Structure formats: structure tokens, C-alpha cells
Amino acid sequence: MLSLLAASAAADPIQFSSLGLKTGIELGFFTLRFYSLAYLLGVIFAYWHTSRALKEPGAPMAQRHADDLFFYCTLGVIFGGRLGYATFYEPALWTTFANDSWLSWRLLRLWEGGMSFHGGLIGVTVAMAWISWREKLNFIRVVDYVAVGVPMGMLLGRLANFVNGELWGRATDVPWGMVFCDGIAREGVKCATTGIVRHPSQLYQAGLEGLAMLVIMLALFWLTRARYRPGLLAGVFTIGMGASRFINEFFREPDQQLADFAARTGLSMGQWLTIPLILTGLIVVIYALRKKPLAAGTAAPA
Numbered sequence: 022m023l024s025l026l027a028a029s030a031a032a033d034p035i036q037f038s039s040l041g042l043k044t045g046i047e048l049g050f051f052t053l054r055f056y057s058l059a060y061l062l063g064v065i066f067a068y069w070h071t072s073r074a075l076k077e078p079g080a081p082m083a084q085r086h087a088d089d090l091f092f093y094c095t096l097g098v099i100f101g102g103r104l105g106y107a108t109f110y111e112p113a114l115w116t117t118f119a120n121d122s123w124l125s126w127r128l129l130r131l132w133e134g135g136m137s138f139h140g141g142l143i144g145v146t147v148a149m150a151w152i153s154w155r156e157k158l159n160f161i162r163v164v165d166y167v168a169v170g171v172p173m174g175m176l177l178g179r180l181a182n183f184v185n186g187e188l189w190g191r192a193t194d195v196p197w198g199m200v201f202c203d204g205i206a207r208e209g210v211k212c213a214t215t216g217i218v219r220h221p222s223q224l225y226q227a228g229l230e231g232l233a234m235l236v237i238m239l240a241l242f243w244l245t246r247a248r249y250r251p252g253l254l255a256g257v258f259t260i261g262m263g264a265s266r267f268i269n270e271f272f273r274e275p276d277q278q279l280a281d282f283a284a285r286t287g288l289s290m291g292q293w294l295t296i297p298l299i300l301t302g303l304i305v306v307i308y309a310l311r312k313k314p315l316a317a318g319t320a321a322p323a
């Protein structure tokens with residue numbers, strides 16, 4: 022066994038360019054990017070699961086509310102994610118203009134990449150708060166139901182990051198380390214590398230923030246009575262996502278423009294932003310567990 026581990030460690034690292042991955046599906050008149058497809062499928066899954074959950078006793082809203090909710094949540098993900106990235110990770114996007122495209126303001130050039138989980142979370146939260154206020158719904162219970170399906174989007178999004186060859190990890194000597202392209206891998210563009218072996222941290226995030234959290238949230242909703250404790254699912258989601266991101270940031274290379282910030286403070290920007298999430302989640306879970314659970318037969322709003 023030891024000899025096999027030693028042989029594995031001595032093997033050449035995996036070359037990302039040799040995997041033959043493409044960043045999208047060529048449809049002739051345009052290319053459907055996997056990252057865009059990940060967002061789309063993530064929203065569809067969350068909508069489907071929420072609609073399915075609303076058929077169970079004790080639902081906090083009707084199907085018509087879910088229809089409106091996911092329209093605004095989709096806008097919240099896109100605008101919140103982009104504005105959050107520009108605010109937290111690359112403030113220069115607010116003031117940078119490039120005349121090499123029909124859209125010069127780089128803040129609006131979403132196809133160039135740059136989305137923030139924390140910004141998207143804020144955008145979705147605002148959307149849920151708006152619908153809850155407008156329709157007189159219980160906000161925290163709306164969040165409970167929506168949160169269950171969100172990890173699917175995280176799973177697909179991180180897999181798309183890996184396929185794009187972006188957001189790779191820190192240097193490492195683990196046997197499964199990979200040599201990524203210095204920039205985002207694109208079809209027809211030679212993959213230039215520095216030869217640095219890195220953690221495939223996108224896959225770590227897909228596994229922990231995506232798959233593991235999806236299993237936990239689905240199990241809590243369908244196999245326990247967690248949905249009858251307002252705030253419990255939302256709190257577990259917030260703690261789990263925050264803790265997962267905090268852990269994964271130890272393996273992920275900080276954004277180039279924030280490398281000095283991470284070295285100076287000891288933590289990456291992503292880790293600093295997750296600390297309030299974890300604390301908020303703990304407060305919500307404690308609140309939920311201290312409150313008396315709802316009756317299972319509570320009727321949904323018409």
C-alpha cells in the first residue's frame with residue numbers, strides 16, 4: 022500500500038489542457054456557455070423543488086407566489102452576483118470602460134465572468150423580502166423553502182468553473198494536483214502554463230458547498246420535521262454554506278487583485294465575508310430551536 026501511494030505521489034501531475042474540456046456547447050449561431058447553463062439549471066431545480074415542497078402540508082405560500090418569487094430571485098442572482106463581485110472583489114469594474122465591444126462599461130459585461138456568491142445571496146434575499154412583504158408572507162419560512170434547492174446551483178456552478186479552467190487552487194504537491202492554464206481555457210487558444218501544480222479547488226467546492234449541502238438540506242426537509250421550525254432550514258443553510266466556503270478558501274488561490282489583502286489580513290476576502298454568515302446562521306438556528314414548532318396542518322396562503 023505504501024509503495025502504491027509513493028508511486029502515485031511521484032506520478033506526473035494532471036494537465037488540465039489534456040482533459041479536452043470545452044467551455045460551452047456550440048449551437049452554430051452562438052455558444053451556450055456551461056456557466057450560463059449552470060445558472061439556468063440551478064434556478065430550474067430550485068423552482069421545481071420548491072413547487073414540489075409546496076404540495077406538502079404546512080407550506081408558507083401558494084404556487085402563484087413561487088412563480089413570482091423565482092422571477093425576482095433570478096434577477097437577484099444575476100444583478101446581486103455581479104454587483105457583489107464588483108464591490109467586494111474588483112471595484113475597478115465600476116469605473117472601467119473598454120471600447121472593444123458593443124458594451125463598453127465592464128460592469129455590465131457579464132460574459133467576461135466575475136460573479137460573487139455573497140452578492141447573489143444578498144440579491145436573492147432582497148427578492149424574497151420583497152415578495153414576502155408584497156404578499157404578506159412569513160419571510161423566514163419562505164427562505165426555509167427556497168434554501169433547500171440552492172446548493173444544486175452551487176454544485177453546477179463550481180463544476181462549470183472547473184470546466185472553464187478558472188478559480189483554481191493554491192500550489193500543492195497532492196497526487197491529484199493539476200496544472201491549469203494561466204488564463205481561462207478557450208477553444209482554439211493554446212494553453213500557456215507556469216507549470217505550477219494546484220489544488221482543483223473548484224471540485225472541492227462543488228463537493229462541499231454543492232453536493233454535501235444538497236444532501237443535508239434535502240434530508241432535513243424530507244426526512245425530518247425541520248420545516249415546521251421557522252428559520253431552522255435557513256440557519257443550517259447559512260452555517261453550512263459559510264463554513265464550507267471558509268474551509269475551501271484555504272485551498273483556493275485568492276483573486277489576483279486581492280492577493281495582497283489576503284497576505285496582509287491572514288484570511289481571503291471570501292473568508293472574511295463568510296464570518297458574518299456563520300454567526301447569523303447560528304443566531305437563526307438557536308432562535309428556531311427555542312421556538313415551539315408549527316402544527317403540521319397549517320394551511321398555505323391562497
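All the letters of the sequence shown, read from the start, carry residue numbers 22 to 323 under my numbering.
From the three backbone atoms N, C-alpha and C, an ideal C-beta is built for every residue, glycine too.
Keep in mind it's a predicted model, so treat the numbers as computed, not measured.
Going by beta-carbon coordinates alone, are Gln223 and Phe183 separated by less than 7 Å? yes
Is Gly216 close to chain B? Criterion is C-beta to C-beta, closer than 7 Å. Annotation note: the requested chain B is absent from the structure, which comprises a single protein chain.
Three-state secondary structure assigned by DSSP to Glu208: Interpretation of Glu208 is limited by its pLDDT of 49, a score under 50 that renders its predicted location unreliable; the figure taken from the coordinates is listed afterwards. Glu208: coil per DSSP, three-state reduction.
I'd like to check one pair, Phe138 with Ala150: are the Cβ atoms closer than 7 Å? no
Is Ala218 helix, strand or coil by DSSP? A small correction: the amino acid at residue 218 is Val; Ala does not occupy that position in the sequence shown. Strand.
Best match in Gly79, Pro196, Ile35 and Leu61 for proximity to Leu158 [C-alpha to C-alpha]: Gly79
Considering only the alpha carbon of each residue, which of Thr214, Ala168 and Ala67 lies closest to Phe37? Thr214
Out of Phe282, Gly231 and Ala192, which one is the CA nearest neighbour of Gly216? Ala192
Using the Cβ count rule (16 or more neighbours within 10 Å means buried), how would you classify Ala324? This structure cannot speak to residue 324, because the chain is shown only from 22 to 323.
Closest by C-alpha distance to Ile237, when choosing among Ala255, Arg127, Tyr249 and Tyr225: Ala255
Starting from Gly190, follow the beta strand (DSSP E) in both directions and report where the run begins and ends. Premise fails: Gly190 is in no beta strand (DSSP E) and is neither H nor E.
Quick one, which of Pro275, Pro221, Leu176 and Ala280 has its alpha-carbon nearest Glu230's? Leu176
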